[in-house]
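Notes follow the structure.
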C-alpha cells in the first residue's frame, strides 16, 4: 500500500559570504539522497562545465521559449544580459524519484518558488550577527570599502525577509549548522501535512 | 544581548498501547534539559509517590478553586470522581528556566493546550498501522474482545485528530522514533517564528 515517498524541496538563501556553499556541500556529502537543482543559463559554458551537471546551457531564444511555456519555477535576468532559471521538470522528476532537492537562490527567487511549491521548505542561512557579516566581507579583502558597504546593505535587506522563511540557520560552527539542517529535513518528513498515515488508516479499518 | 532561550512545550498524544511512555522515557534519558510536566490530581497518593514529583496532590476543594482561578492549561474529570490537570505556573516556570516540557495528554487536552499556548509543538505518536494497534491490544491479553473493540474504536477516533497535530511519529523501532523526536525539537528551535535574529540584527546595525 505504501508508495515511495516524494523528496523534499529545500530552498536555501542568505547573504553572500555566510557559507551557504560550505554547508550545502557538507550536507550533500553526508546524505546521498540529496541533490542540487541544476539551473538553466544563457551564459557560455566555462572550461570543465558539463551540460546537465553544472548547468543546462541554452540560447537566449531557447530560454525565452521556456519562460513562455512556464517551464521555470523562477528565473532571473542578471547584469543586463544573461538569464538563469530553475527548470520545474528537473526538480519535479528528482522529487518523484525520492531525492531531496536543494535550490540555492536569492530571496526574490525563493518567494516565487514558495508560491509555485507551497510544500517547499525555506531555510535562511546567516552569520552569528550583522557585525560578523561585515567582518567577513572586509576580511575577504577583495572589495573596496564602498563595495563592502553596498554588499552589507544588500545583506540587511535580505535579512529583513527572514520571517518569510520557515527556518533560520546561524552558521557559526559548520558541523552544528549542518546538523540543524539534517534535523530540519528529518522533522519535515514527520509533519502531519506530509503524512498519508490517516488516509491509510481509514483504508486499513475499511471505513 | 542574547537572553537565555525559553524551552519548548511539547504535547504528546496517541492511542493507548503505542509506546508513548517508552519513547518519552528514552527521550528524557538522552536529554537532560527535558522535563515531564507534573499534573495536579484529587486522587490519593499511592505508596512511593512524592508530592511535586509524581503529582501535586490536591483536595477537590483546592482543585476546583484552581480551576476557578484559571490556573490549569487543561484539566479532566475522570471516572465520575477524580480530577487531573496541568498547572500552568509549573509549566511556565520550567520553560522560562530553559527546560523543554513534555505534556502527555489526550487529544481533547492537547487541543486546549494548543489554544492556550499556540507556540506548543504537538506530536502524535502511533503504531505503524491500525492492524498493528489491534494486534498490540489483543497481544496484551488483559482485556476481553469487547474491551479490545472499544479501545480500538477510541484509537480510531484519536487518529482522526492527526491533522490538528504538527508531527506524527510512527513507533516502529524505538531508537528511530526517539531520533525523530529529537530532530523535531532541534528543528523547532531553528524556526524563524521563534528567532530573535532579525530584531537583534536591527539593533546591531543601529536602525
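Chains as they are written, first to last, in this note's numbering: chain D, 71 to 277; chain G, 71 to 277. Here a beta-carbon is modelled for each residue, glycine too, at the ideal position from N, C-alpha and C. Here the structure is a predicted model, which means the values were calculated and not measured.
Residues that residue i contacts on chain G, provided the C-beta gap is smaller than 7 Å
i	result
residue 256 of chain D	250, 253
Closer than 9 Å at the beta carbon, the chain G residues around residue i
i	result
residue 90 of chain D	The contacting residues do not exist; residue 90 of chain D stays about 15 Å from chain G at best.
Where residue i falls, given that 16 or more other Cβ within 10 Å makes a residue buried
i	result
residue 188 of chain G	exposed
residue 90 of chain D	buried
residue 120 of chain D	exposed
residue 130 of chain G	exposed
residue 88 of chain D	buried
residue 269 of chain D	exposed
residue 166 of chain D	exposed
residue 71 of chain D	Low local confidence applies: a pLDDT of 40 at residue 71 of chain D is under 50, so the model's placement there is unreliable, with the coordinate-based value given in what follows. With fewer than 16 Cβ atoms within 10 Å of its Cβ, residue 71 of chain D is classed as exposed.
residue 205 of chain G	exposed
residue 164 of chain G	buried
residue 242 of chain G	exposed
residue 150 of chain D	exposed
residue 265 of chain D	buried
residue 263 of chain G	exposed
residue 230 of chain D	exposed
residue 82 of chain G	buried
residue 208 of chain D	exposed
residue 271 of chain D	buried
residue 179 of chain G	buried
residue 183 of chain G	buried
residue 244 of chain G	exposed
residue 214 of chain D	exposed
residue 114 of chain G	exposed
residue 84 of chain D	buried
residue 122 of chain D	exposed
residue 216 of chain G	exposed
residue 258 of chain D	buried
residue 94 of chain D	buried
Contact list for residue i against chain D, beta-carbon separation under 7 Å
i	result
residue 200 of chain G	271, 274, 275
residue 239 of chain G	260
Partners in chain D for residue i, counting only beta-carbon separations shorter than 8 Å
i	result
residue 286 of chain G	It is not possible to answer for residue 286 of chain G, since the shown part of chain G is limited to 71 through 277.
residue 123 of chain G	The contacting residues do not exist; residue 123 of chain G stays about 31 Å from chain D at best.
Unbroken beta strand (DSSP E) run spanning residue i, endpoints
i	result
residue 109 of chain G	109-111
residue 237 of chain G	237-240
residue 83 of chain D	79-83
residue 104 of chain D	104-106
residue 126 of chain D	125-127
residue 195 of chain D	191-196
residue 172 of chain G	170-174
7 Å Cβ cutoff, residue i in contact with chain A
i	result
residue 261 of chain G	Absence of chain A from the displayed structure is noted, the protein chains being D and G.
Endpoints, the alpha helix (DSSP H) within which residue i is located
i	result
residue 160 of chain G	158-166
residue 201 of chain G	200-209
residue 138 of chain D	130-138
residue 258 of chain D	244-259
residue 98 of chain G	90-100
residue 267 of chain D	267-274
residue 224 of chain D	215-229
residue 150 of chain G	Looking at the DSSP string, residue 150 of chain G is not in any alpha helix (DSSP H), and its letter there is neither H nor E.
residue 185 of chain G	177-186
Within chain G, partners of residue i - CB distance below 8 Å
i	result
residue 236 of chain D	261, 262
residue 156 of chain D	Those do not exist, as residue 156 of chain D stays about 23 Å from chain G at its closest Cβ, beyond 8 Å.
Interface residues of chain D facing residue i [CB-CB closer than 9 Å]
i	result
residue 224 of chain G	Those within 9 Å of residue 224 of chain G in chain D number zero; the least Cβ separation is about 13 Å.
residue 196 of chain G	267, 271
Contact test: residue i Cβ vs the ligand SAM heavy atom, cutoff 6 Å
i	result
residue 193 of chain G	What this structure holds is no ligand at all, so the ligand SAM is not there to describe.
Okay, do the segment 194-208 of chain D and the segment 146-165 of chain D touch, 3+ Cβ pairs below 8 Å being the bar?
no
Assess contact between the segment 133-150 of chain G and the segment 244-262 of chain D, defined as three or more Cβ pairs (one per stretch) separated by less than 8 Å. Is contact present?
no
Do the segment 102-117 of chain G and the segment 166-183 of chain G make contact, defined as three or more Cβ pairs closer than 8 Å?
yes
Is the segment 220-229 of chain G touching the segment 221-232 of chain D, taking contact as three or more C-beta pairs under 8 Å?
no
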